[in-house]
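What follows is a set of notes on a single structure, which appears directly below.
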Amino acid sequence: MLIFIMIASVALLLLLIMKFKVHAFVALTIVSLLTALATGIPINKILPTLLNGFGNTLASVALLVGLGAMIGRLLEITGGAKVLADTLINKFGEQKAPLALGIASLLFGFPIFFDAGLVVMLPIIFSVAKQFGGSLIRYAFPAAGAFAVMHAFSVPHPGPVAAGDLLGANIGLLTIIGLICAIPTWYIATYLFGLHLGKKYHLDLPKAFLNAMPINETAVLTPPSFKKVILILLLPLGINYAGYGVKYFSRCKSN
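Those letters in the sequence shown? Residues 4 to 258, per my numbering, in order.
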């Protein structure tokens, strides 16, 4: 019975968000209340249970998610995303430009959320598509897919962090397993499939973009170097493994 309630709750949550455009937090609250009633939790204990659940999840997720958001915003306003994409495109060449954009999005997707990352990368994707030609799909699909898999599988995004906390998983090990799942998924389902779609369907650039290059806040006079961008992107991963190392040596010392 509980399995059916869980499936119905997830379906209702997706329906409220995707079909009726209810804000995610409001939809989550509504579904949580209905799930509590369906599972037989006494009415006077529903609110304390919800507050306790939200509080525990927030306590475990907030620090990593907040740090990731700060790093993502830092790279966004300093032009780090463009430096990353331009460097990789120069290295891979014109024929591998979609692969370069995808790898840049994978790296940039470490700390930054899907929607924010895609908004930052879109002008770069448009510029590359305008420069090299061809269907926009072959450039945009690998980049969008990269942000999607990183958001779904990788720490410090809220889903993997919350799941790891609920299951008691080691965050460092969870990061490795997440990358093992994310990279092949991205390569097959979005990069290769994106190239196939690009050959099959031709999607032109937006006309507004063809008239003039967009001006955005990432266009700065002194952007960071490629090495600095990589260092900043790997900072959350380094902190995770530093914490894991401290715990490991503490256990060894106590034994």
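Think of the CB as a built atom: it goes at the ideal place given N, C-alpha and C, for glycine as much as any other residue.
Given the structure is predicted, the values throughout are model-derived calculations rather than measurements.
In the displayed model, phenylalanine 196 falls within a helix according to three-state DSSP. If you compare the alpha carbons of Tyr142, Leu16, Thr52 and Ala155 with that of aspartate 118, the shortest gap goes to Ala155. A residue is called buried once 16 or more other Cβ atoms fall within 10 Å of its Cβ, and serine 130 is buried on that count. Separation of the CB atoms of alanine 185 and valine 158 is rounded to 11 angstroms, and the pair is thereby denied contact status at 8 angstroms. The beta carbon of lysine 48 sits closer than 8 angstroms to none of the beta carbons in its chain outside the five residues before and after it.
One thing to note: proline 101 has its Cβ no nearer than 7 angstroms to the Cβ of isoleucine 74. Assigned with DSSP and collapsed to three states, aspartate 207 falls in coil, not helix or strand. Fewer than three beta-carbon pairs drawn from the segment 162–173 and the segment 139–148 are found closer than 8 angstroms, and the two stretches are therefore not classed as touching. With fewer than 16 neighbouring CB atoms inside 10 Å of its own CB, serine 228 falls in the exposed class. In this chain, the alpha helix (DSSP H) harbouring glycine 120 covers 117–135. Within the segment 140–178, the complete alpha helix (DSSP H) segments at least 4 residues long are 140–156 and 161–170, listed from N- to C-terminus. Secondary structure at serine 257: helix, using DSSP grouped into helix, strand and coil. Minimum Cα-Cα distance from serine 35 among the listed residues Lys22, Leu15 and Ala84 corresponds to Leu15. Of all alpha-carbon atoms in Arg76, Ser138, Leu5 and Gly120, the one lying nearest the alpha-carbon of histidine 199 is that of Ser138. The three-state reading of DSSP puts threonine 81 in helix, counting H, G and I together. Less than 7 angstroms separates the beta-carbon of alanine 149 from that of glycine 105.
Between alanine 107 and leucine 87, the C-beta gap is smaller than 7 angstroms, which places the two residues in contact. In the three-state scheme derived from DSSP, where H, G and I count as helix and E and B as strand, proline 227 is classed as coil. Leucine 16 sits in a helix when the DSSP states are folded into three classes. Short of 8 angstroms from the beta carbon of proline 226, and not among the five residues preceding or following it, lie these beta carbons of its own chain, in chain order: Thr81, Gly82, Gly83, Lys85 and Val86.
Taking C-alpha positions only, leucine 177 is separated from proline 163 by approximately 8 angstroms. Bounds of the alpha helix (DSSP H) holding proline 101 are 100–111.
Leucine 236 places its beta carbon less than 7 angstroms from that of leucine 110. A Cβ-Cβ contact shorter than 7 angstroms links isoleucine 20 with alanine 30. Taking the C-beta atoms as reference points, alanine 41 is found no nearer than 7 angstroms to isoleucine 6.
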